[in-house]
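Numbering (UniProt numbering), first residue to last: 1 to 215.
Right, one structure below, let's go through it.
Below, the structure written as C-alpha cells:
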C-alpha cells in the first residue's frame, strides 16, 4: 500500500480538484533530497490512497490550499471552447431531419430527401417518371404523387429547410452572444448548448406548411 510521506504546494484547480506536489513512500532524489511528484487529487480518486489524500489536503493537513484563480486567458479559452461546442451543435442541427405537413401527410425534410426530390423532378421533366410513382411519407405510408404534387413538395421542403436553417443560425448566434457576455468562469463552462427549452426543441422538429386546399 502506498504511503504518503508529505505534500506541499497544494492549490485548487478546475471542478474542485487539488493539485499538489506529493512525496510517496519516503522517496528521495539521487542526491538524497526528498522527491516530490506532481499529483492531482480528487474526492473520487481510484487509487487506494486517493480519497484520503484529497481529504487531508482539503482539511489543511499539509498546509493551506491556494484558491483557484481564474485568469483572463482562462476565460478566453473557456469561451472559445464553448463556441466550438456551439458550432458542433449547429452542424448537427443543419444535417438533421425534421418534418413538414402537406396535403394531409407528414414528410421527411433533410438534405438527402431534398436530393431525392430534385432527382424525381428531373425525371418528371424528362418524362421518365413511372405512372405509378409514389413518395413514402414520414409515417412510412406510400403516397401516389403526380408532377404537381412533386412541385408542391419541393416548394414546401425548400421553405421548411430555409426557415429551419435560419432558426438554427439565429440560435447559434444568440448562444455565442450569451457566452461572450458571461464573466464567470464556471458559468461559461456550465452553459448548456441547445434550444432554449425542451419544448422548443420538440417544436422545431416539425414545421407545418399547408398547401392550397389543405384546409
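Don't be surprised by glycine CBs; every beta carbon is placed ideally from N, CA and C.
Remember, it's a predicted structure, so these values are computed and weren't measured experimentally.
- Residue pairing by DSSP places residue 38 opposite 21 in a beta bridge.
- The beta-carbon separation of residue 86 and residue 193, rounded to 5 Å, stays under the 8 Å limit for a contact.
- A buried status is given to residue 160, since no fewer than 16 other beta-carbon atoms sit within 10 Å of its beta-carbon.
- Ranking 180, 177, 154 and 197 by CA distance to the CA of residue 100 puts 154 first.
- With a threshold of 16 other beta carbon atoms within 10 Å, residue 77 falls short and is exposed.
- Under the DSSP assignment, residue 12 falls in the beta strand (DSSP E) whose first and last residues are 4-12.
- When C-alpha distances from residue 190 are compared across 1, 41 and 82, the shortest belongs to 82.
- Between the C-alpha atoms of residue 108 and residue 185 there is a straight-line separation of about 41 Å.
- When only Cα atoms are considered, residue 168 and residue 131 end up about 38 Å apart.
- Look at residue 95 here: in three-state DSSP terms it is coil, with no helix or strand label.
- The bridge partners DSSP lists for residue 134 are 144.
- The residue among 62, 10 and 163 with its C-alpha nearest the C-alpha of residue 93 is 163.
- Taking 8 Å as the cut-off, the Cβ atoms of residue 23 and residue 7 count as close.
- With distances taken between CA atoms, residue 157 lies nearest to 112 out of 170, 112 and 141.
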